[in-house]
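Chains as they are written, first to last, in full-length UniProt numbering: chain A, 1 to 367; chain W, 1 to 367.
Yeah, the Cβ is synthetic: ideal placement off N, Cα and C, and Gly gets one too.
Protein chains: 2
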Amino acid sequence: MTLQTIAFEKREQLKQKPNSDQLGFGKYFTDHMFLMDYDEQKDWHNPRIVPYQSISVDPSAMIFHYGQTVFEGLKAYRTEDDQILLFRPENNMKRLNQSSKRMSIPEIDEEEVLHYLQQLIAIEQDWVPSAEGTSLYIRPVVIATDPNLSVEPSKTYTFMIILSPVGSYYPQGIKPVSIRVEQQYTRAVKGGTGTAKTAANYSGAYKAQEKATEQGLSQVLWLDGIEKKYIEEVGSMNVFFKIDGEVITPELNGSILEGITRKSTIELLNHWGIPVKEQKISMAELHAYYHNGKLEEAFGTGTAAVISPIGELIWENEKLVINEGQIGEVAKKLYDTITGIQTGKVKDRYGWTVEAASKTMNTSPSL
Amino acid sequence: MTLQTIAFEKREQLKQKPNSDQLGFGKYFTDHMFLMDYDEQKDWHNPRIVPYQSISVDPSAMIFHYGQTVFEGLKAYRTEDDQILLFRPENNMKRLNQSSKRMSIPEIDEEEVLHYLQQLIAIEQDWVPSAEGTSLYIRPVVIATDPNLSVEPSKTYTFMIILSPVGSYYPQGIKPVSIRVEQQYTRAVKGGTGTAKTAANYSGAYKAQEKATEQGLSQVLWLDGIEKKYIEEVGSMNVFFKIDGEVITPELNGSILEGITRKSTIELLNHWGIPVKEQKISMAELHAYYHNGKLEEAFGTGTAAVISPIGELIWENEKLVINEGQIGEVAKKLYDTITGIQTGKVKDRYGWTVEAASKTMNTSPSL
Ligand SMILES: Cc1ncc(COP(=O)(O)O)c(C=O)c1O
Ligand SMILES: Cc1ncc(COP(=O)(O)O)c(C=O)c1O
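Okay, structure coming up:
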């Protein structure tokens, strides 16, 4: 890693910070953002931290027409002694590059960008909220910027990191959600872009979400796009089931996004000696387990909610009520452990947390 | 249709127009562009024609993160007596709305927008090139603009129309192309976004195109995403085969984009009494027809090339040479007829052309 000098343009008039009970998700942005450009001659260059502001984009820029873009999502957490922690951020950098490969976007230097992120957070550390369940959401995103309507990879890109203080996912405490099993729409299919964190996979899912919302249900359970039988994900989360004492999650099959919370969940279960398997599982099998009384828990995993227990699954007019609509023991233990590690309340035995910035860190020399 | 008053801000210093032999595709843009905004209170509002210029977009705008966007592509052609013609543009407006429905984007008033487009072209009419095979490419596009990272439909949008003079697709005369049958990557799948003209479907295809390019082949033949057996499209075109005197094109199956050139091709063949069928056709069947000597022609259809004859299909290390690598009779007749109608050289018996603007049209009163 050879670090490029990073330019810093400080915002003159800092913004007023919102109250932590108004945060919501992705509505407020901090004072500064990180930018870096790519072209074929200079590779990734001009890393800089500037006041958060609109960017100027040509109407013919490829991002608007052909969707060549990838992104990441992770969080910074404030501990009780005012440390600021990131959770396994090197995994996000790695996944960003995996997504980029799929989308024909030039890769970034993972270590270097993580370092830039840490500098950005050091500058914005006062924006990391401290109330229970709150955090600073981090959104790295790469967009294709060539002003050219040819259907081909862009030769220029902009990489941005924006930061948004976000509220608790569970302001009223964890409550299991009701999920609609989607039979018509497909999120992703083998050979497509489902394993990449890219724009397309998200807006293509709005129609299915609309149907769930209309029925008063909170999210969609996605089945595979080929046979419409096998369970893939839930909303924008990976999904786990506890069946007869054993935890099962759909195996990575070329259309499922490999979640970092999924990975951490599997690793924790292994540490705890709770049997966990990655395997194909069909909705029909799950249904049979349910009726045999063997379906003990169901939950989603993802950065936003960490663990999202599933209380009900609606499948073709049948309602499967799981664990009497209550959060299960395993889900609860996972939630407490992961959020505990993230916020420094539970000892991090696995080396998962990385210090982003602390009050005593001196940020000026390198800027 | 109630037409809104359209504001016109004229560019002070008009651009220098490129020579028609330098045009290429989508590299040069005209002096002005059309813009219109959407919000929940005002619906689509503020239609305006302004100097072509970069737009200012918040880094958190939904277009950058979740790809909620749709677009269209059509052309304006200059006739020998300096009329400017559009080819079935009402179909593009209709398809734009169909795409929008799939992507949870508010629909536009088709007639109204066509009218705005005509006004824009009237202003930019000197940009419609006259050399053989050249035209003015028209790109309407809608982008989601909410500054909000929630994974949900945007509440605000911008609609833009930009114009680009484009060169002949066949500067050296029509030459059949070599096509690679793609076995691994998938363009689109039933339940996904393949029937919509939306960004995601294009950049997701770059990887497959890369593989074709590496082998010196010009485009990809897409198979269905479910069984990887049935033929869907070729590059960004629909595809037709002449087999034993009959023309066959894959039936619309929920993952194929319904092309306007495809539709026109089917209608012309019907008018000419050449049998044409929309049906499922597998690569294995095509291969069998080829070896029986029954595969007589193959060609793609789309706005960019109109008709693109396929000279070779490379499928699992076998090369199928079609019609000795020459353009077929039906493809040639379709090409001559459609381009003839588009440019006013062939009488338009079907009412397909619409006048966009003429030298004598008075554009100022309505502006
Ligand atoms: C489609 C999808 N699946 C799963 C996940 C969960 O991944 P992670 O645990 O890394 O947040 C995400 C992102 O958060 C996602 O977008
Ligand atoms: C994926 C795809 N298929 C087919 C076509 C052909 O459609 P049309 O004939 O309307 O140009 C296009 C667009 O041009 C396309 O993008």
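How about W:Q16: is its C-beta nearer than 8 Å to some C-beta of chain A? no
What's the C-alpha gap between A:L217 and W:S60? 27 Å
With 8 Å as the threshold, decide whether the Cβ of W:L149 is near any Cβ in chain A. yes
Run the proximity test for W:R102: is its beta-carbon closer than 7 Å to any non-hydrogen atom belonging to ligand 2? Checking the Cβ of W:R102 against ligand 2 gives no.
Quick one: grab the DSSP three-state call for A:F87. strand
8 Å Cβ cutoff, W:D21 in contact with chain A: Answer no: the Cβ-Cβ gap between W:D21 and chain A never drops below 8 Å.
Rounded to whole angstroms, how far is the Cβ of A:S56 from the Cβ of W:S164, which I believe are closer than 8 Å? That belief does not hold up - the Cβ atoms of A:S56 and W:S164 are roughly 20 Å apart, past 8 Å.
Within 7 Å: the Cβ of A:E285 and any heavy atom of ligand 1? no
Taking 8 Å as the CB-CB cut-off, is W:V128 touching chain A? no
Can you tell me whether W:N201 sits near ligand 2, meaning its C-beta is under 7 Å from at least one heavy atom of the ligand? yes
Any chance the segment 4–14 of chain A sits against the segment 141–148 of chain A, with 3 or more Cβ pairs inside 8 Å? no
Judging by CA-CA distance, which residue of W:K10, W:S308 and W:L86 is the nearest neighbour of W:G173? W:S308
Is there a C-beta anywhere in chain A that falls below 8 Å from the one on W:P153? yes
Can you tell me the Cβ-Cβ gap for A:V239 and A:G300, rounded? I've got them flagged as a contact below 8 Å. Going by Cβ atoms, the distance from A:V239 to A:G300 rounds to 5 Å, so yes, they are a contact pair.
Could you tell me whether the Cβ of W:Y206 comes closer than 8 Å to any Cβ of chain A? yes
On the criterion of 16 or more Cβ atoms from any shown chain inside 10 Å, does W:D81 qualify as buried, or is it exposed? exposed
Between which two residues does the alpha helix (DSSP H) harbouring W:K290 extend? The displayed chain sequence assigns Tyr, not Lys, to residue 290 of chain W. Run containing W:Y290: M283 to H291, per the alpha helix (DSSP H) assignment.
Under the three-state DSSP convention, the category A:T363 falls into: Any reading at A:T363 needs caution, since the residue's pLDDT is 46, under 50, leaving its predicted position unreliable; the model's value is listed next. In the structure shown, A:T363 sits in coil (DSSP, three-state: anything other than H, G, I, E or B).
Consider the Cβ of A:D336: report whether some Cβ of chain W lies at a distance smaller than 8 Å. no
Give me the DSSP bridge partner(s) of W:N238. W:T301
Can you check the segment 323–349 of chain A for any alpha helix (DSSP H) of at least 4 residues that lies completely inside it and give the ranges in chain order? 329–342
Residue range of the unbroken beta strand (DSSP E) whose run includes A:I310: V306 to W315
Closer than 7 Å: A:E233 CB and nearest ligand 1 heavy atom: Of the heavy atoms belonging to ligand 1, at least one sits nearer than 7 Å to the Cβ of A:E233.
Taking all protein chains shown into account, decide if W:P365 is buried (16 or more other Cβ within 10 angstroms of its Cβ) or exposed. Any answer about W:P365 is weak, because its pLDDT of 40 lies below 50 and its placement is not dependable; what the coordinates show is given next. So W:P365 ends up on the exposed side.
beta-carbon A:K257 near ligand 1 non-hydrogen atom, thresh 7 Å: Per the sequence shown, the amino acid found at residue 257 of chain A is Leu instead of Lys. At a threshold of 7 Å, A:L257 counts as near ligand 1, since its beta carbon sits closer than that to one of the ligand's heavy atoms.
Is the beta carbon of A:G302 less than 8 Å from the beta carbon of W:S150? Their beta carbons are not under 8 Å apart, which means A:G302 does not touch W:S150 by this criterion.
Outcome for A:R236 when other beta-carbon atoms lying within 10 angstroms are tallied against a minimum of 16: According to the sequence shown, residue 236 of chain A is Ser rather than Arg. A buried status is given to A:S236, since no fewer than 16 other beta-carbon atoms sit within 10 Å of its beta-carbon.
Exposure of A:N362, with buried meaning 16 or more beta-carbon neighbours within 10 Å: Reliability fails at A:N362, whose pLDDT of 44 lies under 50, so the model's placement of it is uncertain and the value that follows must be treated cautiously. A:N362 should be labelled exposed.
Test: A:Y202 CB closer than 8 Å to a CB of chain W: yes
Interface flag, W:V103 vs chain A, CB-CB below 8 Å: In the sequence as presented, Val is not what sits at residue 103 of chain W; that position holds Met. Yes, contact with chain A.
Contact check, W:M36 vs W:P47, beta carbons under 8 Å: Their beta carbons are under 8 Å apart, which means W:M36 touches W:P47 by this criterion.
Pick from A:A331, A:V330, A:E312 and A:E329 that is closest to A:E322, judged by C-alpha positions: The question names Glu, but residue 322 of chain A in the sequence shown is Ile. Looking at the Cα atoms, A:E312 is the closest of the given residues.
Report yes or no: do three or more beta-carbon pairs, one from the segment 289–298 of chain W and one from the segment 240–252 of chain W, lie closer than 8 Å? yes
Proximity of W:G194 and W:L257 at Cβ, strictly below 8 Å: yes
Nearest-angstrom Cβ-Cβ length linking W:I84 and W:A357, presumed shorter than 8 Å: 5 Å
Is there at least one non-hydrogen atom of ligand 1 closer than 7 Å to the beta-carbon of A:M237? Yes, Cβ of A:M237 sits closer than 7 Å to a heavy atom of ligand 1.
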